[in-house]
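Protein sequence lines, in the order shown, are assigned to chains A and B.
No gaps in the numbering here: position 52 of the first sequence is 1520 in my numbering, and each next residue is one more.
No gaps in the numbering here: position 303 of the second sequence is 1771 in my numbering, and each next residue is one more.
As structure tokens, the structure follows; a few thoughts come after it.
Protein chains: 2
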Amino acid sequence: MMLEGIRVLDLSRVIAGPYCAMLLGDLGADVIKVERPGRGDDLRYLRGGTNAMSAPFAGCNRNKRGIAVDLQKPEGATLVFELARGADVVLENFLPGVAAKLGLGYRDVSAANPRVVYASVTGFGQDGPYAKRPGYNTIAQGMSGIMGLTGMPGQPPTRVGASVSDLAGSWVAFGMINAALVHRERTGRGQHLDVNLLASSMALLPDPAAIYLATGERPKREGNRNPALTPAEAYPTKDGWLNLVLLNEDQYARLCDVLGDPELTAERFATNEGRLAHYADFRARMEAALSRATTAEWVERMERGNIAAGPIYEFDEVFEDPQVKHLGLVAEFAQPGLGHARVLGFPARASATPASIRRPAPRIGEHTDEILQELGLAREEIDRLVAAGVVWRP
Amino acid sequence: MMLEGIRVLDLSRVIAGPYCAMLLGDLGADVIKVERPGRGDDLRYLRGGTNAMSAPFAGCNRNKRGIAVDLQKPEGATLVFELARGADVVLENFLPGVAAKLGLGYRDVSAANPRVVYASVTGFGQDGPYAKRPGYNTIAQGMSGIMGLTGMPGQPPTRVGASVSDLAGSWVAFGMINAALVHRERTGRGQHLDVNLLASSMALLPDPAAIYLATGERPKREGNRNPALTPAEAYPTKDGWLNLVLLNEDQYARLCDVLGDPELTAERFATNEGRLAHYADFRARMEAALSRATTAEWVERMERGNIAAGPIYEFDEVFEDPQVKHLGLVAEFAQPGLGHARVLGFPARASATPASIRRPAPRIGEHTDEILQELGLAREEIDRLVAAGVVWRP
């Protein structure tokens, strides 16, 4: 396994932190998830999750063991500190300053464990005017500019209908933790990583940012159309939508062959400039032509014509796609509390040490005993901690 | 520097691969970018880039040295093979099979360099029914479901107005390369990483995927509104838009205090259920209340009221935000061919070995001589290769 022998202490909640820790687990790290006794992670209850085991929780927390600890109790914080002392990676998403108040900040942990890679994932970073604001996906989307760039021309900014800002934070944290582990392996030195949803969301936008910062021009919302190239946009078909991406006139000539409408080969449409100059007319003819067959038929014909095209799937259709099936992107495993989990698997393949799913998401405190025993605690001591409400087990 | 001493050979073009290689360079890796003589990377010409140096190219290729080699000439491929033999990381985004035909595939390189981490970034992966289709951001967006999830209720699927599928590929590749380097440092073994834009885009969607796969229900496009919670949506203000995210009734009581409209405290709006049942009426009152002040005023009042809220920025406004400025997310450096580059900087901070910008993006073949000299070639031999059109220098 790629990260075999790497111990991760996951103090994070909801999506951005837990998904990152799960990726480390998928690659073989031993991940311990710490939750508060009783309710645990709020993601357990998303969209009516029952048994404290929602499907999104299972999809963001497989390959972890779970311990339930009350961090507000000094003994609880001390136990978690002991776990951090033995960890290669600590991941937390408290508001800045909260981990330090618990004695679990980077300074505390690194003093005892200088090799630790300690990643903080917050809405806005560890300092600055908004440091104390909580991080929400929707708010990071609005502030990063991704909403301002998305939507139909002349219409309001549009939210990406997914937790992309949370996930941007996950992927930035995942990359940075691994890069810091490379450094740690080569030098023996750990460090503190400060990842935030705002900057991570902006890190999905380097090309529009470069264009804006060079020109000073506010980009217009372009909907599903590249306004500089035609046809490079979405078209309705007989049963759905088709994305077409044409980059040059050779491709346009091939498109005319595929579509078989002689009007599209007319002089006024022969160049990109001409098609832009007669856009309404051109678009109407394209729509008429493309309405004659289904998306699947057009995708096949375009592929034979060597033209870049693809379906625009409604979300359920994604999972019926032959390539999505071929890549095995849906993971299935027995998930206590849910019965059977079907969630996204790991997105990339690795020839020597591929990702694997070795255990489902834990119930709250499922491995409390096991983890405390590994810390060297005797059974009577664990029973005392349970009785005192410091730790919890089901 | 975090990746000091790591040598990266970047054979990739456009955005997904080059941005990933740049991230490695930002963390201290020595990145050599290979381009074809003459035109180089197509991204150099995006949106009318002059001097073969568009702003997006500068934003995706700083911290690299450049060599121009004709890979179609056997001597050119051999030279690049020699660079791969000495690399820790090779990154390529040819269509599957093309690198192998050039003698630069994973098998070829790993036979000479078993420690190499070799990452292929393609549209659809190295095998499967669509393996030979080129990867385009828009097409991956359409097929991953991110467009199907995005847009206003009842309206068409909507493209995210940015290259999020390319960038998802970049960030997945960045994380996987570093994870594979961790493994390599611990075991001495390299491997082949197979990253694709389709699966990487889906890796931004674990929560909607888990919900869909559990329920079988096609998710509706929700626009800027959480249909299960109110108010958790975007509202127009006097001068723009405001995102509000309320999760419970305590927060609603505080919101009523901030808004100061006694009607909003009416019995029928007292619970989430009530607000949903009288949604049209509720929304109209909220719009009336929020239209009385600017977005900035509301953000400040909501922060004082401890309510999660944020502006929805048009893209130019992002760069005026105090937190964006505090985090130093815009990098500026002298960029030959462009004069001065202003592009996005690195999105995360690291306490011991932060990212740095040490050189601008290279001109095509700018370091051809330097790199070939490092390979041990004599000046006369380099001159011969230039004369034969195998390599190129400005």
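Where a beta carbon is used, it is the ideal one built from N, C-alpha and C, also for glycine.
Note that this is a predicted model, so its numbers are computed, not measured.
Item, Value
"As an exercise, report each continuous alpha helix (DSSP H) stretch of at least 4 residues that is fully enclosed by the region 1691 to 1735 of chain B, in chain order.", "1717 to 1727"
"Listed from N- to C-terminal order along the chain, which residues in the region 1630 to 1659 of chain B have their beta-carbon within a distance smaller than 7 Å of any beta-carbon of chain A?", "Ala1630, Ser1631, Val1632, Leu1635, Trp1639, Val1640, Phe1642, Gly1643, Met1644, Asn1646, Ala1647, Ala1648, Leu1649, Val1650, His1651, Glu1653, Arg1654, Arg1657 and Gln1659"
"So, using beta-carbon positions, are Pro1687 of chain B and Pro1676 of chain B closer together than 7 Å?", "yes"
"Kindly list the residues whose CB is nearer than 6 Å to the CB of Thr1821 of chain A, restricted to its own chain and excluding five residues on each side of it in sequence; keep chain order.", "Met1469 and Met1470"
"So which residues of chain B does Gly1613 of chain A contact, with C-beta pairs closer than 7 Å?", "Tyr1781, Phe1783 and Val1786"
"Using a Cβ cut-off of 7 Å (strictly closer), state whether Thr1590 of chain A contacts chain B.", "no"
"Pull up the CB-CB distance for Leu1539 of chain A and Pro1602 of chain A, whole angstroms please, since I reckon it's below 8 Å.", "Incorrect: roughly 18 Å between the Cβ atoms, too far for contact."
"List the residues of chain B whose Cβ lies closer than 7 Å to the Cβ of Ser1668 of chain A, in chain order.", "Pro1815"
"Comparing alpha-carbon positions, which option in B:Phe1814, B:Ala1802 and B:Ile1850 lies nearest Arg1877 of chain B?", "No information on residue 1877 of chain B is available, as it lies outside the stretch 1469 to 1862 that chain B covers here."
"Where do the ends of the beta strand (DSSP E) carrying Tyr1781 of chain B lie?", "Counting along the chain, Tyr1781 of chain B falls outside any beta strand (DSSP E), and DSSP gives it neither H nor E."
"Would you report the Cα separation of Ala1520 of chain B and Ala1700 of chain A, rounded to the nearest angstrom?", "23 Å"
"Arg1743 of chain A by DSSP, collapsed to three states: which one?", "helix"
"According to DSSP, is Lys1532 of chain B helix, strand or coil?", "strand"
"What does Gly1573 of chain B reach in chain A if we use C-beta pairs closer than 7 Å?", "Simply none; closest approach about 12 Å."
"Within the same chain, show all residues whose beta-carbon is closer than 6 Å to that of Leu1723 of chain B, passing over the 5 residues directly before and after it, in chain order.", "Ile1775"
"Could you check whether the region 1591 to 1609 of chain B touches the region 1709 to 1717 of chain A, counting it as contact only if at least three pairs of C-beta atoms, one from each stretch, sit closer than 8 Å?", "yes"
"Roughly how many angstroms lie between the CA atoms of Gly1508 of chain A and Gly1833 of chain A, to the nearest whole one?", "9 Å"
"Would His1835 of chain A count as contacting chain B if we go by Cβ distances under 7 Å?", "no"
"Below 7 Å between beta carbons: does that hold for Phe1549 of chain B and Gly1571 of chain B?", "yes"
"Can you name, in chain order, every residue of its own chain whose Cβ lies under 8 Å from the Cβ of Asn1561 of chain B, other than the five neighbours on each side?", "Leu1479, Ser1480, Arg1481, Val1482, Ala1484, Gly1485, Ser1588, Val1589, Thr1590 and Gly1603"
"Along chain B, which residues have their Cβ under 9 Å away from the Cβ of Gly1691 of chain A?", "Pro1624, Thr1626, Arg1627 and Gly1629"
"When you check each C-beta in the region 1815 to 1830 of chain A against every C-beta of chain D, which residues fall closer than 7 Å?", "Here chain D cannot be found, since the structure's protein chains are A and B."
"What number of angstroms, rounded off, separates the C-alpha of Pro1704 of chain A from the C-alpha of Ala1761 of chain A?", "10 Å"
"For His1660 of chain A, which option in A:Leu1666, A:Ser1668, A:Ala1667 and A:His1651 has the closest C-alpha, if you only look at C-alpha atoms?", "A:His1651"
"Can you check whether the C-beta of Ala1682 of chain B is within less than 7 Å of a C-beta belonging to chain A?", "yes"
"Can you look up Gly1616 of chain A in the DSSP assignment and give me helix, strand or coil?", "helix"
"Between the region 1576 to 1588 of chain A and the region 1749 to 1759 of chain B, can you find at least three pairs of beta-carbon atoms closer than 8 Å?", "no"
"Where does Leu1744 of chain B land, buried or exposed, given buried means 16+ other C-beta within 10 angstroms?", "exposed"
"Rank B:Met1770, B:Arg1693 and B:Met1670 by C-alpha distance to the C-alpha of Arg1751 of chain B and give the top, closest one.", "B:Arg1693"
"Against chain A, with Cβ distances strictly below 7 Å, would Gly1796 of chain B count as a contact?", "no"
"Gln1841 of chain A to Ala1555 of chain A, Cα distance in whole Å?", "16 Å"
"Return the Cβ separation of Val1632 of chain A and Val1632 of chain B in integer angstroms, given the expectation that the two are a contact with Cβ distance under 8 Å.", "7 Å"
"Can the beta-carbon of Lys1532 of chain B be found less than 7 Å from the beta-carbon of Val1499 of chain B?", "yes"
"Please classify Gly1658 of chain A: is it buried, with 16 or more other beta-carbons within 10 angstroms of its beta-carbon, or exposed?", "buried"
"Give me the DSSP bridge partner(s) of Leu1477 of chain A.", "A:Ile1500 and A:Val1558"
"Just grab the DSSP bridge partners of Leu1812 of chain A for me.", "A:Val1798"
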